[in-house]
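One structure is given here, and the rest of the page talks about it.
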Amino acid sequence: MAEARRRAPASTDDEHALVLFSGGQDSTAALAWALERFAGVETVGFAYGQRHDVELEARRAVLAGLREACPAWGQRLGADQVLDAGVLGEISDTALTREAAIAYDAQGLPNTFVPGRNLLFFTLAAALAHRRGIRHLVAGVCETDSSGYPDCRDDTVKALQVALNLGMAERLALHTPLMWRNKAQTWLLLESLGGDTLVELARERTHTCYRGDRQHRHPWGYGCGACPACELRAEGWRRYQAMRGRAPEA
Ligand code: ZN
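The following block contains the structure:
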């Protein structure tokens with residue numbers, strides 16, 4: 012009887028996914044990965060007072076570009092929402108949410124780390140997925156070539172999946188296709204999913220720079236070229252070009 016009374020998970024659909032999509036290189040690769048695997052893909056982004064809020068504009072540009080470049084993917088792209096997570100900006104004292112120089116603490120963690128950010132984002136995305144009847148969540152977090160953010164770790168995401176499923180009586184699956192890829196391998200993933208067209212789209216339209224710089228154009232895209240996010244992206248692009256046997260661009 013106890014078994015019969017146990018509530019079934021609300022979401023049992025394996026055809027749809029919800030992608031946490033910021034407009035950056037990694038979440039664009041995660042979105043392309045999801046578009047290859049699921050019949051319907053919705054996207055969610057978060058406005059949290061980030062200094063680089065140009066990434067919210069990048070989201071729209073990437074989504075439009077995906078629809079243009081690949082009509083089959085365009086047909087799978089469903090609703091897109093940007094949720095207000097401004098409370099993070101109110102309670103955080105970080106270089107992403109206020110004008111401050113980027114620095115590192117004694118543990119080597121940069122002050123671009125926003126405590127609780129991904130924990131909150133996954134929780135809000137899970138609540139949205141619950142309402143939408145979606146059980147597959149996809150995010151572009153990764154441990155390799157990351158800034159060492161603890162909320163991007165595989166253990167964190169797996170623990171969160173358990174916590175969300177217990178707390179919401181769900182059977183959510185949190186997918187992290189980039190978890191063990193370095194940035195060069197992420198470019199390779201983009202290439203394998205959408206060829207040079209997708210690589211070019213990601214290079215031109217995604218935004219990574221913490222300072223929100225869209226003025227300076229580099230071989231790897233736009234950015235200040237000096238913040239940790241730009242340095243990671245530049246190094247990943249350089250290694251990707253080397254793997255493809257291409258000489259670095261000037
Ligand atoms: Zn930068």
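All the letters of the sequence shown, read from the start, carry residue numbers 12 to 261 under our numbering. Idealized CB from N, CA, C, for every residue including glycine. These numbers were taken from a predicted model, which means no experiment stands behind them.
At the C-beta level, R87 and G56 stay beyond 7 Å of one another.
Where G89 is concerned, there is no enclosing alpha helix (DSSP H), although the beta strand (DSSP E) around it starts and stops at 88-95.
In this structure, the beta-carbon distance from T155 to W191 falls below 7 Å.
Per DSSP, F57 is not a residue of any alpha helix (DSSP H); the beta strand (DSSP E) it occupies stretches across 51-58. In the DSSP assignment, A150 falls outside any beta strand (DSSP E) and carries neither an H nor an E. In the three-state scheme derived from DSSP, where H, G and I count as helix and E and B as strand, Y160 is classed as coil. Counting every other CB atom within 10 Å of its CB across the protein chains shown gives D25 a total below 16, marking it as exposed. Relative to the non-hydrogen atoms of the ligand ZN, the Cβ of G234 comes within a distance shorter than 6 Å of at least one.
Here A184 carries a strand assignment [DSSP, helix/strand/coil]. DSSP, read as helix, strand or coil, puts Y233 in strand.
Following the DSSP letters along the chain, one finds H141 inside the alpha helix (DSSP H) bounded by residues 128-143.
Secondary structure of Y221 (DSSP, three-state): coil.
Between L171 and L130 the beta-carbon gap is near 7 Å, inside 8 Å, which marks them as a contact.
G247 has its alpha-carbon roughly 4 Å from the corresponding atom of A195. Note on geometry: alpha-carbon atoms of A43 and R250 lie some 21 Å from one another. In this structure, L204 and T197 do not form a Cβ contact; the two beta carbons are roughly 11 Å apart against a cut-off of 8 Å.
For H27, the pairing in a beta bridge is given by DSSP as G51. If you check the CB distance, G178 and D37 do not come in under 7 Å.
By DSSP's assignment, R250 forms no beta bridge with any residue. Sixteen is the threshold: since fewer than 16 other Cβ atoms of the shown chains lie within 10 Å of the Cβ of V98, the residue is exposed. In this structure, C220 has its beta carbon less than 6 Å from a heavy atom of the ligand ZN. Under DSSP, R255 forms no beta bridge with any residue.
In this structure, A28 is the residue among A58, T39, A28 with its C-alpha nearest to the C-alpha of F49. R228 and G206 have their C-alpha atoms some 22 Å from each other. With 16 or more other Cβ atoms from the protein chains shown falling within 10 Å of its own Cβ, D224 counts as buried. Note on R128: 16 or more other CB atoms within 10 angstroms of its CB, so buried under the neighbour-count rule.
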